[in-house]
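Numbering (the working numbering), first residue to last: 15 to 450. Some notes on the structure that comes next.
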Ligand SMILES: Cc1cc2nc3c(=O)[nH]c(=O)nc-3n(C[C@H](O)[C@H](O)[C@H](O)COP(=O)(O)OP(=O)(O)OC[C@H]3O[C@@H](n4cnc5c(N)ncnc54)[C@H](O)[C@@H]3O)c2cc1C
Ligand code: HEM
């Protein structure tokens with residue numbers, strides 16, 4: 015199935031033109047695919063489609079793959095993230111036929127006469143090499159999920175405010191079938207599916223599991239998206255795609271515009287109560303801490319806002335399994351830090367754990383709080399806070415893009431190697447780490 019020299023050359027020769035028209039491809043591809051297969055709206059995050067983040071992520075990965083066709087190993091971490099996301103969304107091998115058909119049509123539309131039968135054949139082959147890699151991994155993951163296939167019903171057992179403001183709420187979820195829950199790697203997430211009034215299609219969102227694995231419940235922690243979080247917009251560039259992607263057929267999807275409150279988070283917090291049921295897929299995700307291996311190296315857990323959730327699962331798992339790694343907990347937060355009391359209680363019982371809490375300097379009403387600079391916070395960290403004397407220290411960092419960029423830059427300046435740092439972003443598309 016691998017591409018021969020001639021096919022690989024044909025593919026590579028067309029990459030510059032495809033790159034140049036990447037956004038056009040994304041728009042044409044998704045618009046035509048969703049027009050002919052509206053049922054796929056039930057899988058795609060409406061906002062990520064409108065902002066263009068999702069189409070862009072897919073097209074960029076395919077082009078990166080085609081440019082690296084002889085050295086695919088470099089793309090393995092990215093492919094793993096995608097396969098895990100697809101598995102969490104219950105994407106099936108037959109979906110690849112549809113995506114391939116519309117993607118190649120969009121390539122043809124952009125390349126025009128340059129899409130000769132030979133070039134088309136070469137691109138078809140390239141697409142399927144990648145599709146086979148993804149489906150191969152996804153089938154393997156589905157096998158690991160055992161009898162939990164697709165959506166499983168859970169009941170909201172309890173709800174708890176994690177901040178005084180009530181904008182971050184934890185949900186304890188128990189499976190309705192009463193059967194034991196599988197374990198997961200702390201750091202992983204579930205996909206939650208809701209039917210929201212006024213929205214024509216199912217709304218799927220990922221939420222990190224925020225507590226150690228348990229046989230009878232999972233915990234997720236949800237932040238109310240008030241609608242001013244421009245982090246999701248991805249800049250002017252993304253907005254261009256957004257308006258282009260807003261086709262006539264989209265008007266039936268429901269309210270999708272910048273600034274409107276988040277659909278799923280607000281619905282969950284305001285309209286879902288103890289005893290109500292929701293649906294989840296099996297835990298998945300490439301961002302995870304392996305707590306099964308013997309490891310006594312220090313661990314630095316750095317987070318901002320609600321992105322603390324997967325790190326809380328890591329911390330609680332370490333405590334539950336009595337793993338004695340030195341831990342440094344660094345948490346930035348605009349309001350009261352969620353889980354602060356829980357973390358401080360753990361630190362009190364564990365002498366080799368240290369904590370540092372930062373509070374944003376901007377006022378509550380300032381909508382730019384989440385994009386404010388964290389540089390001063392990072393500069394105030396001591397070498398001991400980051401266990402810099404040990405070159406085997408592992409770093410897990412979660413937060414909005416700017417926070418991650420500044421964390422990466424700070425750690426890089428401190429001499430921390432890229433391989434030791436793991437990032438998670440609560441959005442689509444992997445965070446490009448700029449570290450030495
Ligand atoms: C791996 C992963 C883990 C996650 N874990 C967590 C977690 O533990 N806790 C948590 O709270 N969240 C988590 N998230 C985020 C979560 O999945 C949702 O994205 C979040 O809850 C917002 O969803 P929503 O439906 O409320 O908002 P949406 O309805 O999706 O809206 C999001 C934002 O987009 C804006 N918007 C709407 N339309 C447009 C448009 N056309 N153009 C530009 N902007 C627009 C809205 O104003 C809003 O601010 C995670 C995400 C991922 C990918
Ligand atoms: C070779 C083919 C494919 C490639 C290269 C690809 C690539 C990607 C990428 C890069 C992401 C973003 C992952 C992240 O960082 O979170 C993604 C997410 C996603 N993919 Fe695919 N994909 C492919 C096939 C498919 C197919 C066949 C489907 C099913 C219709 C699909 C549905 C989705 C969905 C629903 C998401 C999540 C979108 C969101 O949350 O906004 N993909 N894919």
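Positions of the beta carbon are idealized from the N, C-alpha and C atoms, including for glycine. If you're wondering where the values come from, they're calculated on a predicted model, not measured in any experiment.
Short of 6 Å from the beta carbon of residue 186, and not among the five residues preceding or following it, lie these beta carbons of its own chain, in chain order: 171, 172, 231 and 233. Approximately 14 Å separates the beta-carbon atoms of residue 22 and residue 76; this is outside 8 Å, ruling out the contact. Comparing C-alpha distances from residue 241 to each of 120, 64, 341 and 275 shows the shortest one belongs to 275. Within the same chain, 216 come within 7 Å of residue 209 by CB-CB distance, once the 5 residues on both sides are set aside. DSSP links residue 368 through a beta bridge to 342. Collapsing the DSSP output to three states places residue 450 in coil. Taking 7 Å as the cut-off, the C-beta of residue 144 counts as close to a heavy atom of ligand 2. Only exposed fits residue 355, as fewer than 16 other CB atoms lie within 10 angstroms of its CB.
Around the beta carbon of residue 154, fewer than 16 other beta carbons sit within 10 angstroms, so the residue counts as exposed. Counting only the Cα atoms, residue 328 lies some 26 Å from residue 427. Taking a contact to require three or more Cβ pairs closer than 8 Å, the stretch 103-111 and the stretch 312-319 do not qualify as touching. Where residue 168 is concerned, the enclosing beta strand (DSSP E) starts and stops at 166-175. For residue 217, the pairing in a beta bridge is given by DSSP as 208.
Of the candidates 180, 100 and 189, the residue whose Cα lies closest to the Cα of residue 150 is 100. Residue 50 and residue 141 have their C-alpha atoms some 20 Å from each other.
Per DSSP, the continuous alpha helix (DSSP H) segment holding residue 26 begins and ends at 19-34. Along the length of the stretch 399-447, whole beta strand (DSSP E) runs at least 3 residues long occupy 408-412 and 435-438, reported in chain order. Under the 8 Å Cβ criterion, the stretch 353-373 counts as touching the stretch 326-345, having at least three qualifying pairs. Within the chosen limit of 7 Å, ligand 2 reaches the beta carbon of residue 71 through at least one heavy atom. Listed in chain order, the non-local C-beta contacts of residue 117 below 6 Å within the same chain comprise 43, local neighbours out to five positions each way being set aside.
Residue 345 has its Cβ no nearer than 7 Å to any heavy atom of ligand 1.
Straight through space, the alpha carbons of residue 160 and residue 339 are spaced by roughly 32 Å. The DSSP-derived three-state label of residue 291 is strand.
For residue 232, the enclosing beta strand (DSSP E) has its first and last residue at 232-237. Pairing residue 78 with residue 415, the inter-Cα distance amounts to about 21 Å. For residue 99, the enclosing alpha helix (DSSP H) stretches over residues 90-103.
The shortest C-alpha to C-alpha distance from residue 64 to any of 48, 53 and 74 is the one to 48. Distances taken from the Cβ of residue 217 to the heavy atoms of ligand 1 include one shorter than 7 Å.
Rounded to whole angstroms, residue 204 and residue 132 show a C-alpha spacing of 42 Å. For residue 186, the uninterrupted beta strand (DSSP E) run begins and ends at 182-189, by DSSP. When secondary structure is reduced to three states using DSSP, residue 361 falls in the helix class.
Under a 10 Å Cβ-count criterion, residue 178 is classified as exposed, with fewer than 16 other Cβ atoms of the shown protein chains found around its own Cβ. Burial is judged here by how many other beta carbons sit within 10 angstroms of a residue's own beta carbon; residue 239 has at least 16 and is buried. Here the C-alpha atom of residue 302 lies approximately 13 Å from the C-alpha atom of residue 197.
Not a single heavy atom of ligand 2 lies less than 7 Å from the C-beta of residue 440.
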